[in-house]
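Encoded as structure tokens, the structure appears first; notes follow it.
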Amino acid sequence: MVKVINFTKSRFIWSAVSVGLIVLFWAGTFAQGGFNFGIDFRSGLSQRVAIQGSVDITEVKDALNGMDALQVQTVGDIADNNFVIRVGEDESIKDFQAAAEKEIKDRLAATFGASSVEVLSTEFVGARLAGNLSSQTIFLTVIAMALILLYIWFRFRLNYAVSAIAAVVHDVLFLMGFIGVMQLEFSTATIAAVLTIVGYSLNDTIVIFDRIRENTRLLKDKKFMEIINISITQSLRRTLITSFTTFIAVLFIFLIGTGTIKTFALSLIVGIIVGTYSSIFIASTILLGWHNAEVKKVKASALAASNAKAHAEVKAAPVKKVDSTIETVKQSAEEIAEATEKKKKEKEKKRKKK
66 MVKVINFTKS RFIWSAVSVG LIVLFWAGTF AQGGFNFGID FRSGLSQRVA
116 IQGSVDITEV KDALNGMDAL QVQTVGDIAD NNFVIRVGED ESIKDFQAAA
166 EKEIKDRLAA TFGASSVEVL STEFVGARLA GNLSSQTIFL TVIAMALILL
216 YIWFRFRLNY AVSAIAAVVH DVLFLMGFIG VMQLEFSTAT IAAVLTIVGY
266 SLNDTIVIFD RIRENTRLLK DKKFMEIINI SITQSLRRTL ITSFTTFIAV
316 LFIFLIGTGT IKTFALSLIV GIIVGTYSSI FIASTILLGW HNAEVKKVKA
366 SALAASNAKA HAEVKAAPVK KVDSTIETVK QSAEEIAEAT EKKKKEKEKK
416 RKKK
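Residue numbers for the sequence shown follow my numbering, beginning at 66 and rising by one.
Have a look at this one:
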């Protein structure tokens, strides 16, 4: 038989560690001026170019070094030397798009030769579009969370749903804090990584919650804390194997990737670790806390009802005592009256005999 691990024993320590790290990450993020937003969220220019000859991505970055929020990626076949160049908008420049296009072209021409550089496409993300994208991202994330809450509430109970959502919020705050403190570029790829981790973590949590619900019916003689520990232990092998397999795949993407792909993979790596951790330690801790609060509430209600009943009995006791005393006095008076009447009759008989 597999030994049951007491995961809930140190639940307050794990919770404190999580809160501490999240606060530390977010404090570090704001200390550095906030998130490092990419052009998707802060507006800027995206240009795809083809460069003839043997060209390395590092050479392209060096040629454009110093441009605001610079990002260079290789796209398509490496032999084609196609690169996507992104730069953030400088609001101090009146016609930024034209100025940025000219600067990129001049710098690349100076390094690789004008005849070797061909601009394939150019896109500009304006401030309004970037603002709309930010608003839509927040709105859709909130809607997704609400739908997840309703689904788990329907499938399980409200306490399970709230616990799962709280664990997901923990994962999002942790991952966002890590991205911010490391000053990784915050782009649409980052949002994709965060949402991927939300689904991944939620899946692990639901697997554990499903086992808890099943064991609650089967192990009625066990305390709820014991049921949680048994359920997590039974699901642990599956959770760790799934997480490790995904971790290895994403690790290779991180090692061979560049630019946005590398940032995306790093976000997934951190998210997988945090999501697995929260499914085991955070979600179960919140669920146990909710259960204990419900038990205390029921006990408090029962105690209040018992005290009210006892108080009513005590309050009614003097009235009963007075009623009993009055009844006793009545009985005594009747007995005295009967005795007096009896004596009168005896005296009357004696008097007649004389």
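C-beta atoms are modelled at their ideal positions from N, C-alpha and C, and glycine is treated no differently.
Considered as a whole, the segment 203-262 harbours no complete run of any beta strand (DSSP E) with no fewer than 3 residues. Assignment of beta-bridge partners to ASN147 by DSSP yields ALA115, VAL140. Taking a 10 Å sphere around the C-beta of SER332, we find 16 or more other C-beta atoms and assign the residue as buried.
By the Cβ criterion, the segment 224-244 is in contact with the segment 333-346, since at least three pairs of Cβ atoms, one from each stretch, lie closer than 8 Å. GLU154 counts as buried, since at least 16 other C-beta atoms from the protein chains shown sit within 10 angstroms of its C-beta. Within the DSSP bridge table, the entry for LEU284 names no partner. For VAL184, there is no enclosing alpha helix (DSSP H); the enclosing beta strand (DSSP E) has its first and last residue at 182-190. Residue pairing from DSSP places ASN101 in a beta bridge opposite GLU250. Annotation for ILE169: the continuous alpha helix (DSSP H) segment containing it runs 161-177. Nearest C-alpha to VAL114 among SER180, ASP105, ARG76, VAL259: SER180. Secondary structure note for GLY93: its alpha helix (DSSP H) is the uninterrupted segment 76-96.
Around the beta carbon of ASN372, fewer than 16 other beta carbons sit within 10 angstroms, so the residue counts as exposed. The bridge partners DSSP lists for VAL152 are LEU110. For a cut-off of 8 Å, the C-beta gap from PHE204 to GLN162 is around 28 Å, too long to register as a contact.
Separation of VAL335 and MET210 (C-alpha to C-alpha, rounded to the nearest whole angstrom) is 21 Å. Nearest C-alpha to ASN101 among PHE177, ARG278, LEU214, PHE251: PHE251. Taking a C-beta distance under 7 Å as the contact criterion, PHE72 and ASN294 qualify as a contact pair. In terms of CA proximity to ILE347, TYR225 leads the group ILE326, TYR225, LEU260. Around the Cβ of LEU173, a 10 Å sphere holds 16 or more other Cβ atoms; the residue is buried. Secondary structure within the segment 289-374: the alpha helix (DSSP H) runs of 4 or more consecutive residues, fully enclosed, are 289-321, 324-342 (chain order).
LYS68 and LEU240 have their alpha carbons spaced roughly 33 Å apart. Residue burial is scored here from C-beta neighbours: VAL207 has fewer than 16 other C-beta atoms within 10 angstroms and is therefore classed as exposed. For VAL120, there is no enclosing alpha helix (DSSP H), since its DSSP letter is neither H nor E.
Spatial neighbours of SER300 in its own chain (CB-CB distance under 8 Å, excluding positions within 5 residues in sequence) are listed in chain order as VAL272, ILE273, ARG276. In terms of Cβ geometry, VAL152 and ALA164 do not form a close pair [threshold 7 Å]. Assigned with DSSP and collapsed to three states, ASP133 falls in coil, not helix or strand. With 16 or more neighbouring CB atoms inside 10 Å of its own CB, GLN112 falls in the buried class. Going by beta carbons, ILE70 and THR298 fall inside the 7 Å limit.
For LYS68, the secondary structure class from DSSP, reduced to helix, strand or coil, is coil. Restricting attention to LYS407, PHE148, ARG303, PHE90, the CA atom closest to the CA of VAL246 is found in PHE90.
Look at ILE158 here: in three-state DSSP terms it is coil, with no helix or strand label.
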